[in-house]
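Participant:
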Amino acid sequence: MIDRTPDAVLDLIEGVDCVNNFAFLPHRRVIADGNVTPHLTLCNCLLTVYTAALGCAVPPMLANKQAAWLASNEGKLAGWMSCDAVTAHARANLGYPVVAAATNPVGHGHVALVVPSDVTDAEHLYVSSAGARNFIRCRIERSFGDLRPTLFTHA
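Going by the working numbering, the first residue of the sequence shown is number 38, and it counts up by one from there.
Have a look at this one:
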């Protein structure tokens, strides 16, 4: 487990380097009849790696299930709690793990780690995420698109 400081979180994100790390790049899958499926993205895997390194692992499962787990009694017992954007921003800037998670009722959800930021406006959260495009740091709206994430922080 790494120290929970903003610099340690940023060092973790840079060290994992989801933009260039093959383990987190989107893949194309071919199914048995030869049809190529859309990109297989790995936001859920990246989140598990980040949170495990921070000592508060979100279990390895698909993003919709990770979002449900974070909100569940099991997630609460593991130290996760929902929070608003102001709290998420403040806690990320102190080095606490903060996760943005959105379910998608007609497809895959999306999850990302909220990153420390020197931006003072809590409405402008930044995340590190994997998906159709991977980002070491981007605005939460760019990563989630039309999905509206719920924010969670770890005790």
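We put the CB at the ideal spot given by N, CA and C, even for glycine. Since this is a predicted model, take the numbers as computed values, not measurements.
Determine contact between the segment 169 to 188 and the segment 135 to 149, defined as no fewer than three beta-carbon pairs at a distance below 8 Å.
Facilitator: Yes, the segment 169 to 188 touches the segment 135 to 149.
Participant: Could you name the residues that DSSP lists as bridge partners for R128?
Facilitator: In the DSSP output, where bridge partners are listed per residue, R128 has none listed.
Participant: From what residue to what residue does the alpha helix (DSSP H) around T80 run?
Facilitator: With the sequence shown as reference, residue 80 is identified as Cys, and Thr is not the correct amino acid for it. Looking at the DSSP string, the run of the alpha helix (DSSP H) that includes C80 is 80 to 90.
Participant: Could you have a look at S154 and say whether DSSP puts it in helix, strand or coil?
Facilitator: Note: S154 maps to coil in three-state DSSP.
Participant: With 16 as the cutoff for other CB atoms within 10 Å, does R128 come out buried or exposed?
Facilitator: R128 comes out buried.
Participant: Grab the span of the beta strand (DSSP E) containing A173 for me, first residue to last.
Facilitator: Reading off the sequence, residue 173 comes out as Ile, not Ala. Taken as a continuous stretch (DSSP letters only), the beta strand (DSSP E) holding I173 covers 172 to 176.
Participant: Can you tell me where the beta strand (DSSP E) holding A138 begins and where it ends?
Facilitator: Looking at the DSSP string, the run of the beta strand (DSSP E) that includes A138 is 135 to 139.
Participant: Considering only DSSP beta bridges, list what H147 is partnered with.
Facilitator: Answer by DSSP bridge pairing, in chain order: A139.
Participant: Are at least three pairs of beta-carbons, each pair with one atom in the segment 131 to 139 and one in the segment 95 to 115, less than 8 Å apart?
Facilitator: In short, these stretches touch, since the Cβ pair count reaches three.
Participant: How about C55 and S165: are their beta carbons less than 8 Å apart?
Facilitator: Cβ atoms of C55 and S165: closer than 8 Å.
Participant: Hey, would you say A192 sits closer than 8 Å to L162, going by beta carbons?
Facilitator: Not a contact, by the Cβ cut-off of 8 Å.
Participant: Run the CB neighbour count on L91, radius 10 Å, all protein chains shown included, and call it buried at 16 or more, exposed below.
Facilitator: Flag for L91 reads buried.
Participant: What is the rounded straight-line gap between the Cα of P43 and the Cα of N130?
Facilitator: Straight-line Cα distance between these residues: approximately 6 Å.
Participant: Sort E178, L107, G144, A45 by Cα distance to T78 and report the nearest one.
Facilitator: When each option's Cα is compared against that of T78, the closest is G144.
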